[in-house]
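Residues in the sequence shown are numbered from 37 upward in steps of one, following my numbering.
The beta-carbon is built from N, C-alpha and C at its ideal position, and this holds for glycine as well.
Computed from a predicted structure; not experimentally measured.
For reference, the structure discussed in these notes is given below.
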Amino acid sequence: MPRIAENLKTVRARMAAAERKCGRIAGETRLLAVSKTFPAESIREAYAAGQREFGENYAQEAVSKVMNLVDLSDLVWHFIGPLQSNKTRQIAEHFHWVHSVDRLKIAQRLSEQRPSAMPPLNVCIQVNVSGEASKSGVSPAEVPALAAAVAALPHVVLRGLMCIPEPSDDAWVLAARFGLLADMRRQLQQGGLALDTLSMGMSDDLEHAIAAGATLVRVGSAIFGRRPPKAL
Ligand SMILES: *Cc1c(COP(=O)(O)O)cnc(C)c1O
């Protein structure tokens, strides 16, 4: 079996075991394959092994892969990286999802720039669940106001919340971080927002995220291998 197919099988087995262990419904958690820095050929390999949802971090690189892979018409593209204002148009025109919305201005631009022929863009708000230890994402206190404002935009659909906790080997720390995101979603749901997505968990901590209620895990290196160090 080719390496990527083999890795995908292993990751899916880890997810199934984690779901079983905490009594969740089998197959309830979706797998997003994070293909940043890897070539379109690697995505074709994963596609051949049944994977359909892919995550990218860098707008330019991502759009060139989207173009290269248009023949695979049922691919679902998720943008998960930091978003700059001057990149929102490319993202709005080529992606199905954005996980990394952390301010209203970005969401407004995505909504304005979403082509009217396409269905609304699915978005998640990225929450900083690690306090001082991380800079990306909106602070928990700011989430309710941002969520209400994003939910009111016409060409995006607020689907849920996303987080990237600081790396940790401590199961209690991970449980607390992922638990905070799950609590925040519950609060927003009680406030009347229909949020079906908790985007949390990566190669090293997906079991903890699934135990805390993740509906989608974002897995890169466990599928595609180690990434080269990021070029500046
Ligand atoms: C790179 C990345 C991932 C995947 O990380 P791995 O540790 O390789 O699984 C997940 N989410 C985001 C936002 C990323 O940037």
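The segment 178 to 197 and the segment 138 to 147 touch, with no fewer than 3 CB-CB distances between them shorter than 8 Å.
Between L197 and L217, the gap from beta carbon to beta carbon is short of 8 Å. When C-beta atoms of the segment 246 to 260 are compared with those of the segment 66 to 73, three or more pairs fall below 8 Å, so the two segments count as touching. Beta-bridge pairing by DSSP links C199 to no other residue. Beyond the five residues adjoining it in sequence on each side, Q223 comes within less than 8 Å, by CB distance, of P180 in the same chain, given in chain order.
Partner residues in the beta bridge of Q162, as assigned by DSSP, are M198.
Where S257 is concerned, the enclosing alpha helix (DSSP H) starts and stops at 257 to 260. Assigned with DSSP and collapsed to three states, R221 falls in helix. The way I'd put it, the segment 87 to 101 does touch the segment 111 to 122; three or more beta-carbon pairs between them come closer than 8 Å. The residues S136, D138, G173, M198, in chain order, have a CB closer than 6 Å to that of Q162 in the same chain once the five nearest residues on each side in sequence are set aside. Between the alpha carbons of A95 and V134 lies a distance of about 11 Å. In this structure, C58 is the residue among A41, P38, C58, A49 with its C-alpha nearest to the C-alpha of A245.
The closest CA to that of R195, considering only N158, Q225, G167, is found on N158. Relative to ligand 1, D205 has its C-beta separated by 7 Å or more from all heavy atoms. In the three-state reduction of the DSSP assignment, H135 falls in the strand class.
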